[in-house]
Amino acid sequence: MRTEEIRQAAIDSHDRDAAKFEAWYDALDRSRFSNAFTYGRSKIDALVGELFAGLPKGAKVLDVGCGTGEHLARAARGGLKAFGLEPAPAMLDFARRNVPEAEIKQGVATDLPYEDAQFDLVIMVEVLRYLDRPDTEKALSEARRVLKPGGLLFVTLVNRWALDGFYILQRLRSVVKGKQFDAVNPYCLFHSPASARRDLLQAGFDEVRIEGRLLAPLRIAYKLGEGFGGWLASRLERFDDRLHRRRFTQPFAGHLIAIGRVPEARPKSRK
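Residue 4 is where the sequence shown starts when you use the numbering used here, and the numbers rise one by one after that.
Printed below as a string of structure tokens:
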């Protein structure tokens, strides 16, 4: 029951906030420095864009938890076949209006409504953070199932060690409220770089790499004021980007990103 409650709280939260997400993505189109969301997403989107650019025309991309359709639109513009899955009805409505050329279904990450080995790339941006451990394991297993041999998985995760103190805040909130989640503050699953790598390896992926994005203290700056946060982010961006190329600083990034590949099918040996 707790697993289902956690999942439903996240769906309800995103259903309620769908218009807010749509507005944030509109702001991202104007300036990545608009707020903490747009700045962080711009860093994630750049890496997603690199993966899109590496795929051949007509490759099939599945965005699990596609939200309002931002990544689907980008995939379609790049000549890729875009497929989306979204559980929140209001988010789903935005996505279908924004990207009519994409095939978008309602559903959840733990039960993907697709046949085996269908996709060249599966992305899950800010999805696993809202699932508990059992659902996270199911979602990773499902992603591997629907990917072709050699296909890629891209997931974002919440960094336990990020320097914005979010992990501590969540712990304090659960102590004060006496519960770990509700519709206003959904459950949050934290990862370290080591646990992110381990989860993908255990799900059957190989060539796993971990990336860090977003200098976490910038989130605090944005909380002091979006104007101040944007001003500071614009001046620290070069430093921010260099930091996350260094392995020893990745654990302190605001966003953890894990990328894994489905092993290629081995040719059968002759007897």
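Where is the CB? At the ideal position from N, CA and C, for every residue including glycine.
Check: I'd like to check one pair, LEU192 with GLY263: are the Cβ atoms closer than 8 Å?; Outcome: no
Check: So for ALA261, helix, strand or coil by DSSP?; Outcome: strand
Check: Decide if LEU259 is buried, meaning its Cβ has at least 16 other Cβ atoms within 10 Å, or exposed.; Outcome: buried
Check: When you compare the CB positions of ARG147 and GLY87, do they come within less than 8 Å of one another, or not?; Outcome: no
Check: My output table needs one value for LEU192: the three-state DSSP class, helix, strand or coil.; Outcome: coil
Check: Measure the C-alpha to C-alpha separation of LEU217 and LYS60 and round it to an integer number of angstroms.; Outcome: 30 Å
Check: Under the rule that 16 or more other beta-carbon atoms within 10 Å means buried, what is LYS46, buried or exposed?; Outcome: buried
Check: Mind checking whether VAL149 and LEU65 have CB atoms under 8 Å apart?; Outcome: yes
Check: Considering only the alpha carbon of each residue, which of ALA49, LYS108, GLU106 and SER144 lies closest to ASP244?; Outcome: ALA49
Check: Per DSSP, which one or two residues make a beta bridge with LYS1?; Outcome: Not covered by the structure: residue 1. The range shown for the chain is 4 to 274.
Check: Based on Cα-Cα distance, which residue from LYS151, PRO103 and GLU104 lies nearest to GLU118?; Outcome: LYS151
Check: Is the stretch 66 to 84 close to the stretch 122 to 133, with three or more CB pairs under 8 Å?; Outcome: yes
Check: For the beta strand (DSSP E) holding LEU65, just list the boundary residues, first then last.; Outcome: 63 to 67
Check: Tell me the DSSP bridge mates of ASP18?; Outcome: DSSP, once it has assigned bridges, lists no residue as partnering ASP18.
Check: Measuring from the CB of ILE262, is there a heavy atom of the ligand ADP at a distance below 7 Å?; Outcome: Inclusion of the ligand ADP in the displayed structure is not the case, the ligand content being empty and no account of it being possible.
Check: CB ALA22 to CB PHE55, shorter than 8 Å?; Outcome: no
Check: Taking DSSP as the reference, what is the three-state secondary structure of GLU129?; Outcome: coil
Check: Per DSSP, LEU95 forms a beta bridge with which residues?; Outcome: Beta-bridge pairing links LEU95 to no other residue.
Check: My output table needs one value for MET4: the three-state DSSP class, helix, strand or coil.; Outcome: Its pLDDT being 47, under 50, MET4 is placed unreliably in this model, and the coordinates cannot settle the point.
Check: If distances are taken between C-alpha atoms only, which option among ILE107, ARG241, GLU210 and GLU106 comes closest to GLY153?; Outcome: GLU210
Check: So LEU134 and LEU58 are supposed to be a Cβ contact under 8 Å. How far apart are they, rounded?; Outcome: In fact, because the Cβ distance is near 27 Å, the residues do not count as touching under 8 Å.
Check: Can you give me the Cβ contacts of GLU214 inside the same chain, cut-off strictly under 6 Å, excluding the 5 residues immediately before and after it?; Outcome: ILE260
Check: Under three-state DSSP, which class holds GLU214?; Outcome: strand
Check: Under the three-state reduction of DSSP, which class applies to GLY232: helix, strand or coil?; Outcome: helix
Check: Using alpha carbons as the reference points, say which of PHE255, ILE107 and ALA236 lies closest to ARG35.; Outcome: ALA236
Check: Quick one: is ALA39 buried, meaning 16 or more other Cβ sit within 10 Å of its Cβ, or exposed?; Outcome: buried
Check: Mark PRO115 as exposed unless 16 or more other C-beta atoms lie within 10 angstroms of its C-beta, in which case mark it buried.; Outcome: It should be pointed out that residue 115 corresponds to Leu in this sequence rather than to Pro. Flag for LEU115 reads buried.
Check: For ALA76 and VAL51, which I take to be in contact (beta-carbon distance under 8 Å), what is that distance rounded to the nearest angstrom?; Outcome: At roughly 12 Å, the Cβ-Cβ gap does not stay under 8 Å, so ALA76 and VAL51 are not in contact.
Check: Below 8 Å on the Cβ atoms is my contact criterion, and I expect GLY120 with LEU166 to pass it. Report the Cβ-Cβ distance as a whole number of Å.; Outcome: Here residue 120 is Ala; the residue named in the question, Gly, does not match the sequence. Not a contact, Cβ separation roughly 40 Å.
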